[in-house]
Amino acid sequence: MLKLGFLASHRGSNMQSIIDACKAGQLAAEPAVVISNNADSGALERARQEGIPARHLSNRSEGSEAAVDEAIANTLAEFEVELVILAGYMKRIGPRTLAEFENRILNIHPCLLPKYGGQGMYGMRVHEAVIAAGDTESGVTIHLVNEEYDKGAILAQQSVAVHEGDTAESLAERVLAVEHSLYADTIARIANGDIKLEGGGS
Ligand code: GRF
């Protein structure tokens, strides 16, 4: 069983879909810990409801960005996490955690990278940009995390049609349904060896 550590800032619906897939036996993985910078996040609440260890680690609780990085790396190590899943995590991952989990941190982005990526491009802003550009196609990208926002190697992508009359909200809803299935599916493929991450392990 591949041990998963989640980092999530808000609602946590992607995290929940992966937890549900684990519970349903659809992937050879188990949730080990959930970390959030937001003490009131739905993600921490969901973790508690699922009986998964939940940790609040933020600048406020730890005192500095470097201390948060340290605490995140230590917490992931404490729970023997093998794969780190960013699911709507709004903070930058620090250098220590990046180094200790090189090629072992995944993120989901709600469009087809490299379009509409980079600092400041998240959530509804992405969908608004797709609609404003008049694109007929958007989608979902799962990629590895490195020190640059949204620039790590792409592991999986799935396209989603933009319909005439779509708003950012209606597009976001259609994209989210694909996010939920593609994230769990990609982790399943890592767990069973279909997708090989560089640097050993799976
Ligand atoms: C998702 O749209 C994800 O692509 C983006 O943030 C959103 C998180 O949603 N990175 P949730 O917290 O998983 O419900």
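Take 1428 as the starting number for the sequence shown in the working numbering and just add one per residue.
No residue lacks a Cβ here, since even glycine has one placed at the ideal position from N, Cα and C.
Bridge partners - residue i, DSSP secondary structure assignment
i     : result
L1429 : A1456
S1565 : V1587
I1512 : F1433 and L1533
L1571 : L1533
S1463 : H1483
I1520 : I1520 pairs with nothing; no bridge assigned.
Span of the beta strand (DSSP E), counted from its first residue to its last, around residue i
i     : result
Q1476 : Run containing Q1476: none in the beta strand (DSSP E); it sits in the alpha helix (DSSP H), G1469 to E1477.
Where residue i falls, given that 16 or more other Cβ within 10 Å makes a residue buried
i     : result
G1432 : buried
T1502 : buried
E1492 : exposed
E1505 : exposed
A1474 : buried
E1596 : exposed
H1590 : exposed
P1541 : exposed
A1560 : exposed
S1488 : exposed
E1600 : exposed
A1435 : buried
D1577 : buried
T1594 : exposed
E1574 : exposed
E1507 : exposed
Spatial neighbours of residue i in its chain, beta-carbon cut-off 6 Å, leaving aside the 5 residues before and after
i     : result
E1606 : N1441, I1535 and V1567
G1550 : none
A1556 : Y1543
G1515 : A1435, S1436 and H1437
Close Cβ partners of residue i (< 7 Å) along its chain, the five nearest in sequence each way excluded
i     : result
H1483 : S1463, A1466 and L1471
M1428 : A1455, A1456 and E1457
L1624 : N1530, R1531 and I1617
P1522 : D1496
D1562 : V1589
A1583 : I1569, L1609 and T1613
S1485 : N1464 and V1495
A1701 : For residue 1701 there is no data in the structure shown, the boundaries of the chain being 1428 and 1629.
G1469 : H1437, R1438 and G1439
Residue i, enclosing alpha helix (DSSP H) - first and last residue
i     : result
A1481 : Counting along the chain, A1481 falls outside any alpha helix (DSSP H), though it belongs to the beta strand (DSSP E) covering A1481 to H1483.
Y1610 : A1595 to A1618
Q1443 : S1440 to K1450
D1621 : Here D1621 belongs to no alpha helix (DSSP H), and DSSP marks it neither H nor E.
M1551 : G1550 to A1560
L1503 : E1492 to E1505
Contacts around residue i, its chain only, beta-carbon distance under 8 Å, and the 5 residues preceding and following it disregarded
i     : result
V1602 : P1537, C1538, H1554, S1565, G1566, V1567 and V1587
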